[in-house]
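Here the protein sequences line up with chains A and B, keeping their order.
Residues 83 to 506 in my numbering are what the first sequence spells out, letter by letter.
Residues 83 to 506 in my numbering are what the second sequence spells out, letter by letter.
Note that CB positions come from ideal geometry on N, CA and C, so glycine has one too.
All figures in this text were calculated on a predicted structure; none of them were measured in a lab.
These notes are about the structure you will find just below.
2 protein chains.
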Amino acid sequence: MKRTLLVDVKNQVGQEVQVQGWVHRIREMGKINFVLLRDRSGFLQLVWEQKPEFTLESVLTVTGEVKENEKAPGGVELLVRDFEVLAIADPELPLPVNLDPDKHNIDALLDHRIISLRNPKIRSIFELQSALLRSLSETMHREGFYEIKTSKLIGSGTEGGTGLFSVDYFDTKVYLAQSPQFYKQAMVSSGLERVFEISHAYRAEKHDTPRHLNEYVSFDVEMAFIESELDLIDFERRLLDQVFERLGQLCPTIFDIWESSLPEKGYMEKVPVVDHDEAKDIISSETGKKVFEIAPEGERALCDWAQKKHGVDAVFINGWPRKKRPFYTYPKDQKTMSFDLIFRGLEITTGGRRINEYKMLLETLPKFGMSEQGLEDYLSIFKYGCPPHGGFAIGVERLTQKLLGIDNVKMASPFPRDRKRVRP
Amino acid sequence: MKRTLLVDVKNQVGQEVQVQGWVHRIREMGKINFVLLRDRSGFLQLVWEQKPEFTLESVLTVTGEVKENEKAPGGVELLVRDFEVLAIADPELPLPVNLDPDKHNIDALLDHRIISLRNPKIRSIFELQSALLRSLSETMHREGFYEIKTSKLIGSGTEGGTGLFSVDYFDTKVYLAQSPQFYKQAMVSSGLERVFEISHAYRAEKHDTPRHLNEYVSFDVEMAFIESELDLIDFERRLLDQVFERLGQLCPTIFDIWESSLPEKGYMEKVPVVDHDEAKDIISSETGKKVFEIAPEGERALCDWAQKKHGVDAVFINGWPRKKRPFYTYPKDQKTMSFDLIFRGLEITTGGRRINEYKMLLETLPKFGMSEQGLEDYLSIFKYGCPPHGGFAIGVERLTQKLLGIDNVKMASPFPRDRKRVRP
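See below:
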């Protein structure tokens, strides 16, 4: 007999079906017993006459007849005729699967990750993340970008040696890449012109905050023949508006589970672009404090301001000062052609035009205390003819977090890595 | 003026257009000079009256009038009216971009990777790889799988400690994952049931062969509620037939460049499944040699046999002996429910059903000289109820290599890592 997904059982009233899933809840009433079965698609109430001899989280195959019952979840239930226990679960769960995850602290949820991922609300984070990865990739391919996969093992960092994890690589030492910056620029200059990559990136920073991960998934874009960061901002607007629309089609119900909401159609078009200085003024007048640099509190204040003023809780900040940006950022007067996107109070994108002229790059290095040494491969991208180009990156876990309104970004990674956490 | 891609210039005869790209070839004829411009879409002959004062690989913006000329590549050329040099290239290229890459040895091509990637034939490998990543992802999402991104930093190896690169992680040591095996099984048991991941994987093996990379891109699949490896073989057939068909739509011309061919419609349906013992007998009778294990030569002999016998150059081998497979492989008599797919003479997939019963797993460990210690997280997947499941992985570079008929898998990675190579 073929398996019916639980979501489809309601269309088979009066028929015999076979279902498979996990035991989510058991209610023994004496003569009659109810078991709530869970599969990837939903839940179903199973009605048993005999006493259930299995534990919560055990995996079953069950056959029976579908009956209407308006009191049952989804309006139907299954009168069990036959069943098989495919796997029996230990009766002592380290964490209950069927309770509200908000009742547990994050360390418990992450320590017992194998179990906490089974909670339907927590699992839904990764259903959304899957749809997000899908829509990003679909949109980029449709926009004519090539998908690349570049090495994460690098001889040295383009951004300097700090913040890098070192790897014992046979008889030498290499580092885990902080971003595919070097390689995405190389692939642009290879003639692919427009590329994207979705891969892991590593930051060996000792922070332990709700907004940082030491290993995260970076969605990286790089495109040739642009003039300034404004071309990139335009592209990111178009990209994210398509992605948000697609998420609405792919997973319309997850936002309700999280009491969050998807940005409405045309949201990104309304996001204001403010200069870095102007952003500091806005934060200052919103918070009543003197602003030296744009800190997390300032990012939240900016989004509140944008919500009042433009009806969207997001801001592009461009015109960053040179000393706040990496050496390869294209200069413009005393500032740079670079930008951040702050979305719902959190920076989710950094990007900008890059220096593509070899001479300008050579002149820039000493200003950042750097030399050509160790950068020969990077510099060869520009020595042999590289078009004007730029790009940006979006942290996939941060975007997931902000779309659902999750407190801590670690909850948006299935197996997060922080300073103390390297398991499971 | 808006940029016209070179592939579209032929539709604009008699009109003024703006094009942008790299200088691929310069032919000075005295009064009249020809420059072949290259962009991501193709080539265009530019006709100049003045002497070109730029080098090969420089990047230009050019405007002019489109004229028909049947002698020009593509049947049209551009009479240059105006141009701007966006980036000038050093006159001494370490490697010519516009020559047949087969004339250079692989070390030269990889040492000067930033330049060799610009060669259109080499670049086309990564156009195909992009289309391959796209079709894999599209097909998996359409088949109802969830895309996951799991940590590559692991506390210890499920496959034992050999072959792992170690990473200095703050005050401790972790390892680069050889595969997402542990995590994809955990995500199946989380209730997502059907998952896939396309991410980097690492093997610290000291081989230096045309079929190995120390860092590669692994396409991983894992699915619940299967009965044996035959369900996985069926799924891989359906998956790859869809992927091959899609590649034909997305990049119909790249196979000609490489004088290779795309497997025809229904190819995967015809691939025979042979038992491991039977495979050895076939190799023996094909090569006239005694066969102790299935080596690269044997893989090629098997595909030759399949081509003669079944009209396809691929074979599934199932029924592998237990000692040839990892401890978690589901046993069947003295053998296992596992398989390889050999495609065009090279193993591109390993997969199988996994042990999902906690007791069976505990009993299996000592047979492989292992203990529960260090495997607690892995074992907890099964301790708390895990459905029957299995999966497989495809090496993305190997599949790219075999689709195009490339000699060495290193050429199918933009920045390959081997024992000696960690740059660029």
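The alpha-carbon of Asn-93 of chain B is positioned some 48 Å away from that of Leu-314 of chain B.
A Cβ of chain B is located within less than 8 Å of the beta carbon of Val-141 of chain A.
Annotation: the continuous beta strand (DSSP E) that includes Arg-435 of chain B extends over 428-436. Residue contact with chain B for Asn-93 of chain A: absent (no Cβ-Cβ distance below 8 Å to any residue of chain B).
For the stretch 117-136 of chain B, the set of residues with a beta-carbon nearer than 8 Å to any beta-carbon of chain A comprises Arg-120, Asp-121, Arg-122, in chain order. Comparing alpha carbon positions, the residue from B:Glu-209, B:Gly-226, B:Lys-266, B:Arg-205 closest to Lys-234 of chain B is B:Lys-266. For the C-beta of Phe-247 of chain A, the chain B residues within less than 7 Å are, from N- to C-terminus, Val-249, Asp-250, Tyr-251. Taken in chain order, the members of the stretch 185-215 of chain A whose beta-carbon sits within less than 7 Å of a beta-carbon on chain B are Ile-196, Ile-197, Leu-199, Arg-200, Arg-205, Phe-208, Glu-209, Ser-212, Leu-215.
CA-CA distance, Phe-307 of chain B to Lys-406 of chain B, rounds to 25 Å. The closest CA to that of Thr-369 of chain A, considering only A:Glu-381, A:Leu-312, A:Glu-229, is found on A:Glu-381. At a cut-off of 8 Å between beta carbons, Val-299 of chain B contacts chain A.
Contact annotation: in the stretch 432-446 of chain A, residues whose CB is within less than 8 Å of a CB in chain B are Asn-438, Glu-439, Tyr-440. Excluding residues up to 5 positions away in sequence, Gly-401 lie with their Cβ nearer than 8 Å to the Cβ of Asp-359 of chain B in the same chain. With a cutoff of 8 Å on beta-carbon distance, Gln-416 of chain B and Arg-426 of chain B are scored as not near each other. In the three-state reduction of the DSSP assignment, Ser-420 of chain A falls in the strand class. Residue-level contact by beta carbon holds for Thr-232 of chain A and chain B, with a gap shorter than 8 Å. Between Val-277 of chain B and Glu-304 of chain B, the gap from beta carbon to beta carbon is short of 8 Å.
By the rule that beta-carbons nearer than 8 Å mark a contact, Met-269 of chain B touches chain A.
Here the alpha carbons of Thr-335 of chain B and Glu-341 of chain B stand approximately 10 Å from one another. Here DSSP, grouped into helix, strand and coil, assigns Met-452 of chain A to coil.
At a cut-off of 8 Å, the C-beta of Thr-254 of chain B has a neighbouring C-beta in chain A.
Note that the stretch 473-489 of chain A does not touch the stretch 155-172 of chain B; fewer than 3 beta-carbon pairs, one per stretch, sit closer than 8 Å. For Asn-187 of chain B, no pairing in a beta bridge is given by DSSP. The beta carbon of Gly-467 of chain A sits closer than 8 Å to the beta carbons of Ser-271 from its chain, once the five residues preceding and following it are set aside; these are given in chain order. Contacts with chain A at 8 Å (Cβ-Cβ) do not include Ala-494 of chain B. Note: Val-356 of chain B is bridge-paired with B:Ile-399 in the DSSP secondary-structure output. By a beta-carbon distance limit of 8 Å, Thr-482 of chain A contacts Ile-207 of chain A. Their separation comes to about 7 Å.
Among the residues facing chain B, Ala-169 of chain A is included, as its CB has a counterpart in that chain under 8 Å away.
For Ser-343 of chain A, there is no enclosing alpha helix (DSSP H), as DSSP gives it neither H nor E.
The DSSP-derived three-state label of His-194 of chain A is coil. Per the Cβ contact rule, the stretch 379-394 of chain A is in contact with the stretch 345-357 of chain A (3 or more Cβ pairs under 8 Å).
Not a single C-beta of chain A is nearer than 8 Å to the C-beta of Gln-100 of chain B. For His-471 of chain A, the secondary structure class from DSSP, reduced to helix, strand or coil, is strand.
Identification of residues in the stretch 464-480 of chain A having a C-beta nearer than 8 Å to some C-beta of chain B yields Phe-464, Lys-465, Tyr-466, Gly-467, Cys-468, Pro-469, Pro-470, Val-478, given in sequence order. Ala-475 of chain B sits close to Thr-431 of chain B, with the two beta carbons spaced by under 8 Å. Put simply, the CB of Trp-402 of chain A is far from chain B, with every gap to its CB atoms at 8 Å or more.
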